[in-house]
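Residue numbers (the working numbering): 2 to 240.
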């Protein structure tokens, strides 16, 4: 079995175990169909992002970035969002912003903007080329926010509900599980017959995932998460 497939089984399996723990803490008040669908979607997403683990013959030309996989992943998320049970608006795929939550969301966005800028100044990059800059300004945010903070979050919210209010945003186990999945995809790997794990990307991307979930729930849209995600990636090239 390819290492990439085993790595996928590892992170999806970890999220599944966390989902079962969340179900126990919720005393079984879970819509299991939505949870199973979310887990299956994670596996399909991973396969699509990797171009079927290298078996899909799609090539946009010479680049060190995964334009092809990211494009396929965005198409998958948009297709799922187009399903009647899911919906674009319910998935946060809208430019409309909840006016009641927008002020708080803009405050957090401003703080994150300054934080990313400060980190970029403290840790200057090594330059960039046009391909790298355009990629970082577009694809990571479009792909990962539409998936993790969009359709996947909606499905997990449907499974567990959003019973907790956090600084004005309704949230639930879906927020924790999507942040866990987001962190694990950056931190967990498999090679040479063993799993690898790096706490640094797990902590940074996991925390970022929670903050981006809060922005999405606060505004009802993935717009701010997409913009911040791409800015956070690109600013380290520009400063």
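Don't be surprised by glycine CBs; every beta carbon is placed ideally from N, CA and C.
Residue pairing by DSSP places residue 165 opposite 172 in a beta bridge. Take residue 240, set aside five residues on each side of it, and the residues of its chain with a beta-carbon closer than 8 Å to its own are 118, 121, 122, 125 and 126, in chain order. Of the residues assessed, residue 208 falls on the exposed side of the cut-off, its CB having fewer than 16 other CB atoms within 10 angstroms. Sixteen is the threshold: since fewer than 16 other Cβ atoms of the shown chains lie within 10 Å of the Cβ of residue 197, the residue is exposed. Take residue 159, set aside five residues on each side of it, and the residues of its chain with a beta-carbon closer than 7 Å to its own are 32 and 35, in chain order.
Rounded to whole angstroms, residue 167 and residue 210 show a C-alpha spacing of 15 Å. When secondary structure is reduced to three states using DSSP, residue 14 falls in the helix class. Below 8 Å, enough C-beta pairs join the segment 91-103 and the segment 216-236 to call them touching: three or more. Counting along the chain, the unbroken beta strand (DSSP E) around residue 190 starts and ends at 189-192. When secondary structure is reduced to three states using DSSP, residue 183 falls in the helix class. Between the C-alpha atoms of residue 39 and residue 171 there is a straight-line separation of about 20 Å.
Its chain contains 5 and 70 as the residues whose beta carbon lies nearer than 7 Å to that of residue 51, once the 5 sequence neighbours on both sides are disregarded; these appear in chain order. Sorting 215, 2, 19 and 88 by C-alpha distance to the C-alpha of residue 181 places 19 at the top. The alpha-carbon of residue 212 is positioned some 14 Å away from that of residue 151. Residue 174 counts as buried, since no fewer than 16 other beta carbons sit within 10 angstroms of its beta carbon.
Taking all protein chains in view, the Cβ of residue 29 is surrounded by fewer than 16 other Cβ atoms within 10 Å, so the residue is classified as exposed.
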